[in-house]
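**Q** Please read through the structure below; I'll follow up with questions.
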């Protein structure tokens, strides 16, 4: 099978894309249309059906039948474990698309992923790929993630300059230099850290917009979502000083109970002395390096405030 480049750009702009789908019929049509409408389309887009029971498979196949560059696979049934499940689905997609491109001699320079509830601005990938063109050390990038609230787009409050989990682009070299996509909880965060520690730059460009159609964590409820975030802080070996800062920050914002949920999510595995991530590089980063980065960030902001007063 041969797939030609969709737009007349240089090889720099050739990318593959994966999107997992699980019962997303409400938003899926709009999401797919936002990719089809891109000024720079993927040379191959793999949509992974994670056992949907609604009309998602029908919607997917209606687009697959019209566009040769869109492919789909359906994962076999398996127990849903929110901690490891997401990374399993994504890794299955990445493994499949890398092997598929190898078999069919499809060349690409970038690997991208997006969730099935994310709608992209028309020039999203073109703008992101131009950022890589400007810096050969840029390894991972995304646009800014927005939510529509009361008819207005509001930027999601995410970690400083870290790429989002959705609308995310790796240079091919960075992706494989950082061991691909790991079968671990919060695999996108792990990918970020490995990129930083191997000398790559990572960046979120908030001026390049994507809209998440439902709030992150809302599928499991805000309480469960923040408890999960607390558990992940424990699992990744986050320094207790950062834990307290996170709790303080969440508690100050509405809804205020998210700080309590985060703290409980951290305390439970801490008391039980549950297993943490085995990767020593990641453990050391979250215990030491991340604390130093946070301190430097705070100092930088304070200096900025002083200089403007």
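In the numbering used here, the protein residues as written are 101 to 409.
For every residue, glycine included, the Cβ atom is placed at its ideal position computed from N, Cα and C.
From the DSSP output, which residues share a beta bridge with residue 241?
**A** Your numbering for residue 241 matches position 141 in the chain shown. Bridge partners of residue 241: 269 and 303.
**Q** For residue 292, which residues in the same chain have their Cβ closer than 8 Å to its Cβ, ignoring the five residues on either side in sequence?
**A** The residue you call residue 292 lines up with position 192 of the chain shown. Only 240, 262, 263 and 302 meet the Cβ criterion.
**Q** Which same chain residues end up closer than 6 Å to residue 287 when comparing Cβ atoms and leaving out the 5 residues on each side of it in sequence?
**A** Within the chain shown, the letter at position 187 stands for residue 287. So the qualifying residues of the chain are 187 and 281.
**Q** Output yes or no for whether 8 Å exceeds the beta carbon distance between residue 308 and residue 224.
**A** Translated into the one-based positions of the chain shown, residue 308 becomes position 208. Translated into the one-based positions of the chain shown, residue 224 becomes position 124. It is a contact, given that the beta carbons lie within the stated cut-off.
**Q** Just mark residue 290 as buried or exposed, buried being the case when its beta carbon has 16 or more other beta carbons within 10 Å.
**A** Counting from one through the chain shown, the residue named residue 290 turns up at place 190. It counts as buried.
**Q** Taking all protein chains shown into account, do 16 or more other C-beta atoms lie within 10 angstroms of the C-beta of residue 372, making it buried, or fewer, making it exposed?
**A** In the chain shown, counting from the first residue as 1, residue 372 sits at position 272. Classification of residue 372: exposed, given that the 10 Å Cβ count is below 16.
**Q** Give the single residue among 237, 163, 382 and 391 whose Cα lies nearest to the Cα of residue 133.
**A** Taking the first residue of the chain shown as 1, we reach residue 133 at position 33. The shortest Cα separation from residue 133 among 237, 163, 382 and 391 belongs to 163.
**Q** From residue 102 to residue 144, what does the alpha carbon distance come to, in whole angstroms?
**A** Along the chain shown, one-based indexing puts residue 102 at 2. Along the chain shown, one-based indexing puts residue 144 at 44. In this predicted model, residue 102 has a pLDDT of only 35, less than 50, meaning its place in the structure is not dependable; the value taken from the coordinates is given anyway. Spanning the two alpha carbons is a distance of roughly 11 Å.
**Q** Would you kindly report the start and end of the unbroken beta strand (DSSP E) that includes residue 120?
**A** As a position in the chain shown, residue 120 is number 20, starting the count at 1. Note, residue 120: beta strand (DSSP E), 115-121.
**Q** Thinking residue 196 and residue 173 are a contact (beta carbons under 8 Å), I'd like their distance in whole angstroms, please.
**A** Counted from its first residue, the chain shown places residue 196 at position 96. Counted from its first residue, the chain shown places residue 173 at position 73. Between residue 173 and residue 196 the Cβ distance is about 6 Å, and since that is below 8 Å, they are a contact.
**Q** If you follow the beta strand (DSSP E) that residue 220 is part of, which residue opens it and which one closes it?
**A** For the purposes of this step, residue 220 is taken as the residue at position 120 of the chain shown. Run containing residue 220: 218-220, per the beta strand (DSSP E) assignment.
**Q** Which full runs of the alpha helix (DSSP H) of 4+ residues lie inside the region 167-217, going along the chain?
**A** Fully enclosed alpha helix (DSSP H) runs of 4 or longer: 185-203.
**Q** I'd like to know whether the C-beta atoms of residue 410 and residue 358 end up nearer to each other than 8 Å.
**A** There is simply no residue 410 to check, as the chain begins at 101 and stops at 409 in what is shown.
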